[in-house]
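Protein chains in written order, with the working numbering: chain A, 22 to 211; chain B, 22 to 211.
Following: one structure in structure tokens, then a few remarks.
Protein chains: 2
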Amino acid sequence: MTDKRPFHHGDLRAALISAAATAIERDGIENLSLRGLAQDIGVARSAPYRHFPTKQDLLDAVAAASRQDCHAAYAAIPSDLPPRVRLKRAGQFYLDYVRAHPNMVELIFADHAAAPGQAASESPLLLFIDMVRDAMPGAEDGEIVRTAMTCWSALHGFSLLALSGRTARAGLVDDTDDAVLDTIFRMVPG
Amino acid sequence: MTDKRPFHHGDLRAALISAAATAIERDGIENLSLRGLAQDIGVARSAPYRHFPTKQDLLDAVAAASRQDCHAAYAAIPSDLPPRVRLKRAGQFYLDYVRAHPNMVELIFADHAAAPGQAASESPLLLFIDMVRDAMPGAEDGEIVRTAMTCWSALHGFSLLALSGRTARAGLVDDTDDAVLDTIFRMVPG
DNA sequence: TCGCAATGTGTGCACCGCTCACATTGCATG
DNA sequence: CATGCAATGTGAGCGGTGCACACATTGCGA
Numbered sequence: 022m023t024d025k026r027p028f029h030h031g032d033l034r035a036a037l038i039s040a041a042a043t044a045i046e047r048d049g050i051e052n053l054s055l056r057g058l059a060q061d062i063g064v065a066r067s068a069p070y071r072h073f074p075t076k077q078d079l080l081d082a083v084a085a086a087s088r089q090d091c092h093a094a095y096a097a098i099p100s101d102l103p104p105r106v107r108l109k110r111a112g113q114f115y116l117d118y119v120r121a122h123p124n125m126v127e128l129i130f131a132d133h134a135a136a137p138g139q140a141a142s143e144s145p146l147l148l149f150i151d152m153v154r155d156a157m158p159g160a161e162d163g164e165i166v167r168t169a170m171t172c173w174s175a176l177h178g179f180s181l182l183a184l185s186g187r188t189a190r191a192g193l194v195d196d197t198d199d200a201v202l203d204t205i206f207r208m209v210p211g
Numbered sequence: 022m023t024d025k026r027p028f029h030h031g032d033l034r035a036a037l038i039s040a041a042a043t044a045i046e047r048d049g050i051e052n053l054s055l056r057g058l059a060q061d062i063g064v065a066r067s068a069p070y071r072h073f074p075t076k077q078d079l080l081d082a083v084a085a086a087s088r089q090d091c092h093a094a095y096a097a098i099p100s101d102l103p104p105r106v107r108l109k110r111a112g113q114f115y116l117d118y119v120r121a122h123p124n125m126v127e128l129i130f131a132d133h134a135a136a137p138g139q140a141a142s143e144s145p146l147l148l149f150i151d152m153v154r155d156a157m158p159g160a161e162d163g164e165i166v167r168t169a170m171t172c173w174s175a176l177h178g179f180s181l182l183a184l185s186g187r188t189a190r191a192g193l194v195d196d197t198d199d200a201v202l203d204t205i206f207r208m209v210p211g
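Take a look at the structure:
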């Protein structure tokens, strides 16, 4: 410990995930290099392969960690607010998050391998299903799920299109998130 | 011409774009290699750089070509159909296209450079604006544009989420495109 | 006709992901 | 408490990549 560079790092796995997340947020996914990462941390360039057989495995781990953080933030929305208010809060959070962490969002949703996995409990879908169910009481389950799904889709799509500047084309520049969210949640009847 | 391999290829630029498009559809964007492309075509590995200073420039050109093809298909929807029918046709086309050409869609929307460019005339937004305008006569322009924007967003988001398997989680597996499109176009009042 | 710009060639550089034999360490077992 | 083995880190190396550069070949316009 007192040595400048002990042979064993201590927790190289966690350090790699953390450093990778930082680097990705700063430089984008495609600019991440395992060798550079190792050099930043101060280990040999082959050391990361002890913990992640493949670069993709590291990316998956970063995506999983980021997904958890994100989910925790969703879950912090008070559940005793009126359903439509909760929907708008969640929607605003989604837009804000994508704008604040575009590279992380790209990573999370590029992680095709984890998509059909059991991480379903962390999917935004479940959150939206709960809110939509409260907002349209008496509706049948299929209708609720489908509505939640399309709300999430609209939020997701709008965030991505806005990120790449594709919304600022036809005079939409001065549109507020608020108006967009109202339009989206028109899909929720009542 | 009669020679097996003439010194000048003839139209290497077009050949590169075409071969790149094929390779991307088959193997994905990140597996495209300029060297491999050159070898497939039968030129030296440095030849492509005469036409595209950078790999990204090739990708941009492929994206532009693909965008044009896609736009032509949209424009083929008969304009004398009732607006809601046209909306549904366009929506179904969008879903089909993304499912049929996932890698191309990824390329088109990863092309951040071209997004704010003057290619706006080929944006799906304009198509949707026309249809939505017909569907909600008398509405003010801002409202029309915003509604078209959110419809496109929902289609876009749903396609991407469906592609990565994120919609087949909460019993949505047996949902039909038709029901999803109906839900989305609830955003269009009337 | 002829000279020059456009196009294609061959080589080389730096970087990358990944592999492998080897060195070092800490922990569990005697 | 010793000690041997699995976990972890090291260093060199392989094949592949994007890109740069000097050179060869071609076709077109003056």
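We put the CB at the ideal spot given by N, CA and C, even for glycine.
None of the values given here were measured: they were computed from a predicted structure.
Original post:
Which runs of the alpha helix (DSSP H), 4 residues or longer, sit entirely within the region 102 to 151 of chain B?
Top reply: 104 to 121 and 123 to 131
Original post:
Should A/A231 go down as buried or exposed, given a rule of 16 or more other Cβ atoms within 10 Å for buried?
Top reply: The structure shown does not extend to residue 231 of chain A, since chain A is modelled only from 22 through 211, so no value can be given for it.
Original post:
Applying the criterion that 16 or more other CB atoms from any shown protein chain within 10 Å of the CB defines a buried residue, is A/F206 buried or exposed?
Top reply: In the first sequence, counting from the first residue as 1, residue 206 of chain A sits at position 185. By the 10 Å Cβ count, A/F206 comes out buried.
Subject >> Simplified DSSP assignment, three categories, for B/E51 >> reply: Here residue 51 of chain B refers to the residue found at position 30 of the second sequence. Three-state result, B/E51: helix.
Subject >> A/F179: first and last residue of the uninterrupted alpha helix (DSSP H) it sits in >> reply: As a working note, residue 179 of chain A is residue 158 in the first sequence. A/F179 -> alpha helix (DSSP H) spans D162 to L184.
**OP:** Spatial neighbours of B/A84 within its chain, please: CB distance less than 6 Å, with the 5 preceding and 5 following residues excluded, ordered by chain position.
**Re:** Locating residue 84 of chain B in the second sequence gives position 63, counting from the first residue. The answer, listed in chain order, is L128, I129 and D132.
**OP:** Assign A/A32 to one of three DSSP states: helix, strand, or coil.
**Re:** By 1-based counting over the first sequence, the position of residue 32 of chain A is 11. Sequence check: residue 32 of chain A is Asp here, not Ala. A/D32 falls in the coil class under three-state DSSP.
**OP:** Specify the secondary structure class of A/F206 as computed by DSSP and reduced to three states.
**Re:** Numbered from its first residue, the first sequence carries residue 206 of chain A at position 185. DSSP places A/F206 in helix when its eight states are reduced to three.
**OP:** Compare the C-beta of B/D117 with all C-beta atoms of chain A and state if any pair is closer than 8 Å.
**Re:** Numbered from its first residue, the second sequence carries residue 117 of chain B at position 96. No, B/D117 does not count as interfacial toward chain A.
Original post:
Start and end of the alpha helix (DSSP H) containing A/D90?
Top reply: The sequence position of residue 90 of chain A within the first sequence is 69, counting from 1. Unbroken alpha helix (DSSP H) run through A/D90: K76 to A96.
**OP:** Residues of the region 41 to 75 of chain B with a CB closer than 7 Å to any CB of chain A: list them in chain order, please.
**Re:** none
**OP:** Could you say if the region 95 to 102 of chain B and the region 63 to 80 of chain B meet the contact criterion of at least three C-beta pairs nearer than 8 Å?
**Re:** no
Original post:
If the cut is a Cβ gap below 8 Å, which residues of chain B does A/V126 touch?
Top reply: One-based indexing of the first sequence puts residue 126 of chain A at position 105. Near A/V126 there are no residues of chain B at all, since even the closest Cβ is about 11 Å away, more than 8 Å.
**OP:** Please go through the same chain and pick out, in chain order, the residues whose beta-carbon is closer than 8 Å to the beta-carbon of B/A86, but skip the five residues on each side of it.
**Re:** Along the second sequence, read from residue 1 onward, the residue named residue 86 of chain B stands at position 65. For B/A86, where only same-chain residues beyond five positions count, the Cβ hits under 8 Å are I38 and A42.
Subject >> Beta-carbon proximity of B/R167 to A/D198, cut-off 8 Å >> reply: Counted from its first residue, the second sequence places residue 167 of chain B at position 146. Counted from its first residue, the first sequence places residue 198 of chain A at position 177. No. Outside cutoff.
Subject >> A/L146 versus B/H177: straight-line alpha-carbon distance, rounded >> reply: Here residue 146 of chain A corresponds to residue number 125 of the first sequence, with the count starting at 1. Here residue 177 of chain B corresponds to residue number 156 of the second sequence, with the count starting at 1. Rounded to the nearest angstrom, the two C-alpha atoms are 16 Å apart.
**OP:** Sort B/R154, B/K76 and B/F149 by Cα distance to B/A175 and report the nearest one.
**Re:** Here residue 175 of chain B refers to the residue found at position 154 of the second sequence. It is B/F149 whose Cα lies nearest to the Cα of B/A175.
**OP:** Indicate whether A/I45 and A/L53 have their beta-carbon atoms separated by less than 8 Å.
**Re:** The count along the first sequence starts at 1 and reaches residue 45 of chain A at position 24. The count along the first sequence starts at 1 and reaches residue 53 of chain A at position 32. The Cβ atoms of A/I45 and A/L53 lie closer than 8 Å to each other.
**OP:** Would you please verify whether the beta carbon of B/A175 is less than 8 Å from any beta carbon of chain A?
**Re:** As a position in the second sequence, residue 175 of chain B is number 154, starting the count at 1. Output row for B/A175: interface = yes.
Original post:
With 16 other CB atoms within 10 Å as the buried threshold, where does A/A169 fall?
Top reply: Your numbering for residue 169 of chain A matches position 148 in the first sequence. Residue environment: A/A169 is assigned as buried (16 or more neighbouring CB atoms within 10 Å of its CB, all protein chains considered).
**OP:** Kindly list the residues whose CB is nearer than 6 Å to the CB of A/D32, restricted to its own chain and excluding five residues on each side of it in sequence; keep chain order.
**Re:** Here residue 32 of chain A refers to the residue found at position 11 of the first sequence. For A/D32, where only same-chain residues beyond five positions count, there are no Cβ hits under 6 Å.
Subject >> Inter-residue CB distance, B/L202 and B/P123 (contact presumed, cutoff 8 Å) >> reply: Here residue 202 of chain B corresponds to residue number 181 of the second sequence, with the count starting at 1. Here residue 123 of chain B corresponds to residue number 102 of the second sequence, with the count starting at 1. The pair is not a contact, with the Cβ atoms about 19 Å apart (cut-off 8 Å).
Subject >> Contact set between the region 140 to 159 of chain A and chain B, restricted to residues whose Cβ is under 8 Å from the partner >> reply: A141, S144, L146, L147 and I150
**OP:** Give every residue of the same chain whose Cβ lies closer than 6 Å to the Cβ of A/G49, excluding the five residues on either side of it in the sequence, and list them in chain order.
**Re:** Residue numbering aside, residue 49 of chain A sits at position 28 when the first sequence is read from its first letter. Same-chain partners within the cutoff: N124.
Original post:
Is the beta carbon of B/T171 less than 8 Å from the beta carbon of A/T204?
Top reply: By 1-based counting over the second sequence, the position of residue 171 of chain B is 150. By 1-based counting over the first sequence, the position of residue 204 of chain A is 183. For the pair B/T171 and A/T204, the CB atoms are nearer than the 8 Å cut-off.
Subject >> Residue-chain proximity (B/I205, chain A), Cβ-Cβ < 8 Å >> reply: Along the second sequence, read from residue 1 onward, the residue named residue 205 of chain B stands at position 184. Yes, B/I205 lies at the interface with chain A (some Cβ there is under 8 Å from its Cβ).
Subject >> Closest by C-alpha distance to B/D117, when choosing among B/A94, B/H30 and B/E161 >> reply: The residue labelled residue 117 of chain B in the question sits at position 96 within the second sequence. B/D117 has its Cα closest to that of B/A94, out of B/A94, B/H30 and B/E161.
**OP:** For B/G211, return the contacting residues in chain A, with the cut-off set at a CB-CB distance below 9 Å.
**Re:** Residue mapping note: residue 211 of chain B aligns to position 190 of the second sequence, counting from 1. By Cβ distance, chain A contributes nothing, its closest Cβ being about 11 Å from B/G211, past 9 Å.
Subject >> Candidates B/E161, B/V126 and B/Q60, of which the one nearest B/Q11 by Cα >> reply: No answer is possible for residue 11 of chain B: it lies beyond the span of chain B, which begins at 22 and ends at 211.
Original post:
If you draw a straight line from the C-alpha of A/A36 to the C-alpha of A/F114, how long is it?
Top reply: Here the question's residue 36 of chain A lines up with position 15 in the first sequence. Here the question's residue 114 of chain A lines up with position 93 in the first sequence. Answer to the nearest angstrom: the Cα atoms are 28 Å apart.
**OP:** Take B/S142 as the anchor and find which of B/S67, B/A200, B/Q60 and B/A96 has the nearest alpha-carbon.
**Re:** One-based indexing of the second sequence puts residue 142 of chain B at position 121. When only C-alpha atoms are compared, the closest one is B/A96.
Subject >> When B/A82, B/Q77 and B/A121 are compared against B/E51, the one with the closest alpha-carbon >> reply: Position 30 of the second sequence, counted from the start, is the residue given in the question as residue 51 of chain B. For B/E51, the nearest C-alpha among the options comes from B/Q77.
Subject >> Beta carbon proximity, B/G112 to chain A, threshold 8 Å >> reply: In the second sequence, counting from the first residue as 1, residue 112 of chain B sits at position 91. So no, B/G112 is outside the interface.
Original post:
Using the C-alpha atoms, what's the distance from B/S144 back to B/H92?
Top reply: Position 71 of the second sequence, counted from the first residue, corresponds to residue 92 of chain B. Position 123 of the second sequence, counted from the first residue, corresponds to residue 144 of chain B. Approximately 8 Å, taken between the alpha carbons.
**OP:** Leaving out five residues on either side along the sequence, give the residues of the same chain with a beta carbon under 8 Å from the beta carbon of A/R110.
**Re:** Here residue 110 of chain A refers to the residue found at position 89 of the first sequence. Only I98 and L102 meet the Cβ criterion.
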